[in-house]
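See structure below.
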Amino acid sequence: AFSGTIALATASLDFGYVTEGAEAQLEFRIYNQGVADLVLTSISLVTEFFSLTPEQAVIVPGDSAEVAMTFAPQAVQVYNDTITILSDDPYSPVNTVILTGSAINEFADIVVSGNGSDSLFYYQFPFTRLGESRTLALEVINIGTPDLEMEEIILEGDPEFAADVEAAILEFMDTLDMAVTYTPSVTGTNTATLTFGSNDPDEPAYVLELFGQAAENIILFVPSEYPTIMAAVDSAYQLDTVEVAPGTYSTPVDLGIKNLVIRG
Numbered sequence: 011a012f013s014g015t016i017a018l019a020t021a022s023l024d025f026g027y028v029t030e031g032a033e034a035q036l037e038f039r040i041y042n043q044g045v046a047d048l049v050l051t052s053i054s055l056v057t058e059f060f061s062l063t064p065e066q067a068v069i070v071p072g073d074s075a076e077v078a079m080t081f082a083p084q085a086v087q088v089y090n091d092t093i094t095i096l097s098d099d100p101y102s103p104v105n106t107v108i109l110t111g112s113a114i115n116e117f118a119d120i121v122v123s124g125n126g127s128d129s130l131f132y133y134q135f136p137f138t139r140l141g142e143s144r145t146l147a148l149e150v151i152n153i154g155t156p157d158l159e160m161e162e163i164i165l166e167g168d169p170e171f172a173a174d175v176e177a178a179i180l181e182f183m184d185t186l187d188m189a190v191t192y193t194p195s196v197t198g199t200n201t202a203t204l205t206f207g208s209n210d211p212d213e214p215a216y217v218l219e220l221f222g223q224a225a226e227n228i229i230l231f232v233p234s235e236y237p238t239i240m241a242a243v244d245s246a247y248q249l250d251t252v253e254v255a256p257g258t259y260s261t262p263v264d265l266g267i268k269n270l271v272i273r274g
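Have a look at this one:
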C-alpha cells in the first residue's frame, strides 16, 4: 500500500536556561519519506509553559514541515513536556519528542555549597588536633541572570579561622572556589561567621556559621571521616579515640603499639 512515512529530525530538545518571565524559541522538522501524502492529524503538548505551531499538517512525499515551539517559564524550576504527533503512517502512527527547559532567576542569585550540601548555612569542622589544620572547600555559584557582585566576604569571629577570598564578581553559572581553614591554637571550641554581602535581593547577606573544636587528643570518625577502621588507626596518635558508626567491617585491625580507644 502507498502511504506516507514519518521521520523526525530529533527525539528531544533542550531549551537550556531561560530567564523567568521571558521566552525562548526552537524548531524541528518532520519529514515524509514515503510515496504518498503524510497527514499529521494532531501535534499536541501537555503543559501550558510550552506552545507550538502548527497543530496539524499535510506533508507531500519528499518534503518536510517545520514545527516552531516557544518556552515561557514563569517560575525558577526545571520544566519537562512531551510533543505527541499523531499521523496516518500505518507503521508509526504515534511519535513523541521530549522537551526540557530550565528557568533561572531574573536577579542575581547566590548559592553556597560545600560538604555535600548545595545550600550550606552551618558547618562543624571535625575534631582538630592542636597544631594541625582542617580545610572546608566551598563553591559559590551565581544561578541568576545578572552578575552576582560580592563586594565583601567578611569572616568574623575567632582568629583560628581564615578565608582566602574577600570579594568577587560572578557571571551566570560562574563558580568561585574558596577555602576556609581552621587552625586551632588552644584546646576548646571556636566559632565564626562567614558573610557574603552581594546584590542578591533575596539574600543580600548570606551567612555561614562555622564551628570548630580542638584538643590534644581527638576523635576520628569511621566511615564519615576515615573510610576504614585501619585508616583511622593509622592516622591516630596515642590516646586518640576511633569512633565507628554501625555497620559491617571486614578489614583486619592492627593497633601495633598504639594505645587507643575504639568505640562504636
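Here my numbering is used: the first residue of the sequence shown is 11, the next is one more, and so on. Glycine included, C-beta positions come from ideal geometry on N, C-alpha and C. Just so it is clear, the structure is predicted and the values come from calculations on it, not from any experiment.
Opening and closing residue of the alpha helix (DSSP H) in which residue i lies
{"i": "VAL243", "result": "239–245"}
Anticipated Cβ contact below 8 angstroms, residue i with residue j, distance rounded
{"i": "GLU219", "j": "PHE131", "result": "7 angstroms"}
{"i": "ASP98", "j": "THR51", "result": "7 angstroms"}
{"i": "LEU186", "j": "VAL175", "result": "7 angstroms"}
{"i": "ILE151", "j": "MET183", "result": "7 angstroms"}
{"i": "ILE153", "j": "ILE114", "result": "6 angstroms"}
Check whether residue i and residue j have beta carbons under 7 angstroms apart
{"i": "GLY14", "j": "LEU48", "result": "yes"}
{"i": "ILE229", "j": "THR203", "result": "no"}
{"i": "PRO64", "j": "GLY44", "result": "no"}
{"i": "GLU253", "j": "PHE221", "result": "no"}
{"i": "PHE206", "j": "ILE267", "result": "no"}
{"i": "THR201", "j": "GLY167", "result": "yes"}
{"i": "ALA34", "j": "VAL28", "result": "yes"}
{"i": "GLU30", "j": "PRO136", "result": "no"}
{"i": "LEU148", "j": "GLY124", "result": "yes"}
Residues bridged to residue i [DSSP beta-bridge criterion]
{"i": "LEU96", "result": "SER52, VAL104"}
{"i": "SER112", "result": "TYR27, VAL88"}
{"i": "ASP187", "result": "GLU149"}
{"i": "LEU66", "result": "The amino acid occupying residue 66 in the given sequence is Gln; Leu does not appear at that position. DSSP output for GLN66 lists no bridge partner at all."}
{"i": "GLU166", "result": "THR203"}
{"i": "PHE60", "result": "PHE81"}
{"i": "GLN248", "result": "Beta-bridge pairing links GLN248 to no other residue."}
Segment limits, beta strand (DSSP E) that includes residue i
{"i": "SER208", "result": "198–208"}
{"i": "THR251", "result": "251–254"}
{"i": "ASN269", "result": "Segment: none, ASN269 is in no beta strand (DSSP E) and carries neither H nor E."}
{"i": "GLN43", "result": "Per DSSP, GLN43 belongs to no beta strand (DSSP E) and is neither H nor E."}
{"i": "ALA75", "result": "74–81"}
{"i": "TYR133", "result": "132–134"}
{"i": "GLN223", "result": "215–225"}
Practice task
Determine, using beta-carbon pairs with one atom in the region 191–202 and one in the region 103–116, whether at least three such pairs fall under 8 angstroms.
Solution key: no
Practice task
Pair every Cβ in the region 136–144 with every Cβ in the region 78–91, then say whether three or more of these pairs are closer than 8 angstroms.
Solution key: no
Practice task
Indicate whether the contact test is met: 3 or more Cβ pairs, each with one atom in the region 155–174 and one in the region 254–266, closer than 8 angstroms.
Solution key: no
Practice task
Take every Cβ of the region 118–127, pair it with every Cβ of the region 69–83, and state whether three or more of those distances are shorter than 8 angstroms.
Solution key: no
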